[in-house]
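Below is one structure, written out as structure tokens; comments come after it.
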Amino acid sequence: MGEETNYYIISDSIGETGLKLAQAVAAQFSGQSAHYLRFPFVHEQKKLLETLDAAKADSRAVVIATLVTPGLAQAGRTYAKQIALPFIDVMTPILKAVVTETGDQPSGVAGAVHNLDEKYFDRISAMEFAVMYDDGKDPKGFLEADIVLLGVSRTSKTPLSLFLANRNLKVANLPLVPNAHIPEEIWKVDPKKIVGLTTDASVLMEFRRQRMIAYGLDPDTAYSARDQVNEELQYADDLYKKIGCMVINTAHRSIEETAMLILEHMGLDEVDDPTKQ
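So in my numbering, spot 166 of the sequence shown is number 977, and the numbers just go up one at a time.
Right, here's the structure in full:
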């Protein structure tokens, strides 16, 4: 790795948006290492300027600010210009564009997107649902779920369930094993709510080998053998055809990409995104 770039993430809320943006930018520079310094709940100009002074003293600093408190972003931009510090004001240009188009004025309330309102508690409830009905622990969850994920081991069922739960969706998942009993509840679910997850045999074999190594066990067992993997994938594929559900190959897709495909297919891509300022 090359030299380190230090991303100073300043927010009058928790700084999650700034962090995600910094990570997306850092991913474009494979020759650099990135260090993220978060400065949340910056509501006063004095604290803001002190943070900018600290960043200026750092020879490899880039400042990303997500500030909505009235006057704070302007103060930051002005001071950063005076001391020749790279300062990216994320929110102001977007807020101005919305004002120009709509005539409405922003509230100026930091962290408004994650207030403890009904949607917040719905999200917490969805997360609890995903944990409760992970790995088919209770078949009745399939009947209550907004989305049901099916898939053999290591096809990202659990992380997908939690990601989708963060979009206020109740998700249950079921691991598929050849010759295992399929709960009768699955056949009562609208196939449009079911997503079958699959992967490439070679990818699944390597995942399983690495899992066995991590456990200190022999990686070359029936669990990771090609014949076993092919049998499981074929079993899952046959089941998906019987159900008539959507099928997604997760082999070379991120959790986010797979989730977006699911949301688009189900017409849920407009579901509230909880991304925090």
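All C-beta atoms, glycine included, are put in the ideal place defined by N, C-alpha and C.
(request) Could you give the DSSP three-state label for H1076: helix, strand or coil? (result) helix
(request) Would you mind working out which of I825, A895, E939 and D823 sits nearest V982, comparing C-alpha positions? (result) E939
(message) Buried or exposed, going by whether 16 or more other CB atoms sit within 10 Å of the CB of T889?
(response) exposed
(request) Give the straight-line distance between the Cα atoms of M943 and G887, rounded to the nearest whole angstrom. (result) 45 Å
(message) Extract the residue ranges of the beta strand (DSSP E) inside the segment 878 to 904, only unbroken runs of 3 or more that lie entirely within it.
(response) 898 to 900
(message) Taking contact to mean 3 or more Cβ pairs, one atom from each stretch, closer than 8 Å, check whether the segment 986 to 1003 and the segment 955 to 965 are in contact.
(response) yes
(request) Note the first and the last residue of the continuous alpha helix (DSSP H) segment covering P986. (result) Run containing P986: none in the alpha helix (DSSP H); it sits in the beta strand (DSSP E), V982 to P986.
(message) Please state whether the Cβ-Cβ distance between A1089 and V901 is less than 8 Å.
(response) Residue 1089 lies beyond the stretch modelled for the chain, which goes from 812 to 1088, so this question has no answer here.
(message) Which residue marks the beginning of the alpha helix (DSSP H) containing A845, and which one marks its end?
(response) A845 -> not in any alpha helix (DSSP H); beta strand (DSSP E) instead, spanning S844 to F850.
(request) Express the C-alpha separation of K1053 and M1071 in angstroms, rounding to a whole number. (result) 24 Å
(message) Is there a Cβ of chain D sitting closer than 8 Å to that of H1063, yes or no?
(response) Absent from the structure is chain D; it holds one protein chain and no more.
(message) Just checking R1037 against the ligand PLP - is the residue's beta carbon closer than 7 Å to any of the ligand's heavy atoms?
(response) You won't find the ligand PLP in this model; it holds no ligand whatsoever.
(message) Beta-carbon within less than 7 Å of Y847's beta-carbon, same chain only, minus the 5 sequence neighbours each way: which residues are those?
(response) Y818, I820, L830 and A833
(request) Give a yes or no on contact between the segment 1006 to 1021 and the segment 1043 to 1061, applying the rule of three or more CB pairs nearer than 8 Å. (result) yes
(message) Counting C-beta neighbours from all protein chains within 10 Å, is the total for I935 16 or more, i.e. buried, or is it exposed?
(response) exposed
(message) For A876, list the residues DSSP reports as bridge partners.
(response) I821 and D900
(message) Please return the same chain residues whose Cβ sits closer than 6 Å to the Cβ of A872, not counting the five positions on each side in sequence.
(response) N817, Y819 and A866
(request) Taking L1028 as part of the beta strand (DSSP E), name the residues at either end of that continuous run. (result) Unbroken run through L1028: none, as it is neither H nor E.
(request) Ignoring anything shorter than 4 residues or poking outside the segment 936 to 1024, list the alpha helix (DSSP H) runs there in chain order. (result) 951 to 955 and 968 to 976
(request) For A1025, I'd like the list of residues in its chain whose CB is within less than 7 Å of its CB, leaving aside the five on either flank, ordered along the chain. (result) none
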